[in-house]
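I have placed the structure first, in the form of structure tokens, so that the comments after it can refer back to it.
Residue numbers (my numbering): 1 to 266.
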């Protein structure tokens, strides 16, 4: 990877951490508003059914988009705002814990910045199996292509699909009855994202959808949501570097996730 690429990645992550701090405050305000005026929030009540049952332990897994500056020292504490980071995972938890306050849900975020599918697999025993979740949501794939384009990784689309399939097989085997949610990798055409990403990136999206279908997982169409969103505001409004969502982007992700998961049945 050249110096310019390395600087771009470091800058993106510094910006992400800064956004996470601001997002936490903004998201808290949004979630508290939802508790008193949930009728005004189009997705809040939808989350009361679907795939999520009372007493469920929910695990959100992935890379920096899920990580969003979470506090590692608090990661064993479910429903802790510091442990949930400042992104879509925090927003999902805020909504569920407000709208289903009596459901005894436990929500964990174990996303780690920079990770690819094989790195999820390396830490899966500790960061998934040991938690014994009833529902596992995974968003992974952008680094599998980004790091390849930057010269940091020599993986391929075929490796991504194979590794993803193996990870879901392992999860199903070790956690019988687990409910799976596969989130669509997404990018916006701005910042670090240029024409070199395409059409290969579309293959990663298709692979995620394919493995979701093979395992009966709920598929969350993030790219479709952002494709609609850019009709209202430019790509940088939703993800300044094309990869890491802004506050608005994180909110859109939470809405999309809740709508997809609430609309599914176990």
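The C-beta atom is built at its ideal place from N, Cα and C for all residues, glycine as well. Keep in mind it's a predicted model, so treat the numbers as computed, not measured.
Ranked by how close their Cα comes to the Cα of residue 223, the residues 187, 81, 177, 86 have 187 in first place.
Annotation for residue 109: the continuous beta strand (DSSP E) segment containing it runs 106–109.
Residue range 135–139 is occupied by the beta strand (DSSP E) that includes residue 137.
The alpha-carbon of residue 104 is positioned some 34 Å away from that of residue 228. DSSP places residue 92 inside the alpha helix (DSSP H), whose first and last residues are 88–99.
As the crow flies, the alpha-carbon of residue 149 is around 44 Å from that of residue 101.
Look at residue 173 here: in three-state DSSP terms it is helix. Per DSSP, the beta-bridge partners of residue 183 are 139, 220. If the five residues before and after residue 203 are omitted, its C-beta is found closer than 8 Å to the C-beta atoms of 157, all from its own chain and listed in chain order. Rounded to whole angstroms, the gap between the alpha carbons of residue 79 and residue 195 is 39 Å. According to the DSSP assignment, residue 120 belongs to the alpha helix (DSSP H) that extends over 117–122. Spanning the alpha carbons of residue 51 and residue 263 requires a straight line of approximately 7 Å. Of the other Cβ atoms in all chains shown, 16 or more fall within 10 Å of the Cβ of residue 93; this residue is therefore buried. When C-beta atoms of the segment 106–114 are compared with those of the segment 65–85, three or more pairs fall below 8 Å, so the two segments count as touching. Around the beta carbon of residue 176, fewer than 16 other beta carbons lie within 10 angstroms, which makes this residue exposed.
Selection 247, 240, 236, 184 evaluated against residue 225 yields 184 as nearest (Cα-Cα).
For residue 239, the CB contacts under 8 Å within the same chain, skipping 5 residues up- and downstream, are 187, 188, 190, 191, 226, 245, 246, 249 in chain order. Residue 74 and residue 128 do not touch by the CB rule: their CB atoms are close to 18 Å apart, not below 8 Å. Closest in C-alpha terms to residue 88, from the list 215, 64, 99, 199, comes 64.
With fewer than 16 neighbouring CB atoms inside 10 Å of its own CB, residue 233 falls in the exposed class. Membership of residue 59 in the beta strand (DSSP E) is indicated by the continuous run 57–62.
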